[in-house]
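S.K.:
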Amino acid sequence: MNSFLAISLVSGVLLGFLSRYTLNWLSTSYKFQLFGKMITCVDTTEKVLALTYDDGPNPPYTDNLLDVLKEFDAKATFFAIGQNIEKNIKTTRRMIDEGHELGNHSYSHQRLIDTSLATVRSEIQKTDDILSDLGVESRIHFRAPYGLKRVRLPWELARREKTNILWNVDPKDYETADPEKIAESIVCSVEPGSIILLHDGGGNRSQTVAATKIVLQRLQKEGYQFKTVSQLMALQAA
């Protein structure tokens, strides 16, 4: 009896550990998603890249980024937070008017891994509605807050036929104030079809603005073109 209880206890602990491990893996894996489509890059031999910016709009840094992108005739995809769009309509309209792509990064940027399905749906729909009201007519891609997913979020994205857009280049621009370090990390990591993660929101992003200029200078000299995520995905579909 004691042996049986001991085995049961150990088995329960192991199952609990494996369950937590599995849930954590489902949340953070960049190679697997339980439902629907997820991409981290595009399979192509063309020298094309996608610059993506999260957590904005965030004046003046988003506007400064737009100035740099315009200077180099480069397009980017901004995964915007609904609450921030509502606060910064003028900057959002400029992003749209200048030919950049607007993506959905939820309404409030909460982790959508332990929330109810109703919350997941609300976080997606509210920002989709805001973007649609601003004239965004193309398919609105989604990027999970913090890149975290589990079961409910992928299921809802699949139901809406939305692709979860992640990344394969992350210079962690939020961890350093050195633009050269950020740029060097990107330049050394990219390959044709890469999706680069940067941030225009969440505080002072002057280092990201400066790093973007360095990246554009260096990689355009190497023959790279900078496209929106949708333009990148179209190459893979062709």
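According to the numbering used here, the stretch in the sequence shown is residues 94 to 331, in order.
Yeah, the Cβ is synthetic: ideal placement off N, Cα and C, and Gly gets one too.
1. Measure the alpha-carbon distance for V262 versus R236 and round it to whole angstroms.
2. Counting along the chain, where does the alpha helix (DSSP H) carrying V141 start and finish?
3. Leaving out the 5 sequence neighbours to the left and right, which residues in its chain are closer than 8 Å to M326 when beta-carbon positions are compared?
4. Can you check whether the CB of I289 is closer than 8 Å to the CB of L162?
5. Beta-carbon within less than 7 Å of S299's beta-carbon, same chain only, minus the 5 sequence neighbours each way: which residues are those?
6. Kindly indicate which three-state DSSP category T170 falls into: helix, strand or coil?
7. Measure the beta-carbon distance from I307 to A276 and round it to whole angstroms, keeping in mind my assumption that it falls under 8 Å.
8. Is it the case that the stretch 175-189 contacts the stretch 235-250, given that we only count it when at least three CB pairs across the two stretches are under 8 Å?
9. Under 8 Å, with one C-beta from each stretch per pair, do the stretch 204-216 and the stretch 232-246 reach the 3-pair mark?
10. Does DSSP put I289 in a helix, a strand or coil?
11. Can you check DSSP and say which residues form a bridge with N197?
12. Just the C-alpha distance for D190 and I233, rounded to the nearest angstrom, thanks.
13. Could you spell out where the beta strand (DSSP E) holding I132 opens and where it closes?
14. Give the secondary structure of V135 by DSSP, where H, G and I count as helix, E and B as strand, and everything else as coil.
15. Would you tell me roughly how many angstroms separate the C-alpha atoms of G228 and A303, rounded to the nearest one?
16. Considering only the beta carbon of each residue, do P150 and A173 sit closer than 8 Å?
17. Between which two residues does the alpha helix (DSSP H) harbouring N257 extend?
18. Sorry if obvious, but does the Cβ on E315 come closer than 7 Å to a heavy atom of the ligand COA?
19. Which same chain residues, not among the five before or five after D266, have their C-beta less than 7 Å away from its C-beta?
20. Is it the case that the Cβ atoms of T138 and P285 are separated by a distance below 8 Å?
M.R.: The short version:
1. 15 Å
2. Segment 141-147 is the beta strand (DSSP E) holding V141; no alpha helix (DSSP H) there.
3. I132, V135, T256
4. no
5. Y154
6. strand
7. 4 Å
8. no
9. yes
10. strand
11. A173, F235
12. 16 Å
13. 130-132
14. coil
15. 30 Å
16. yes
17. Here N257 belongs to no alpha helix (DSSP H); instead the beta strand (DSSP E) covers 256-258.
18. Ligands displayed in this structure: none; no statement on the ligand COA is therefore possible.
19. I275, L291, H292, Q300, T301, A304
20. yes
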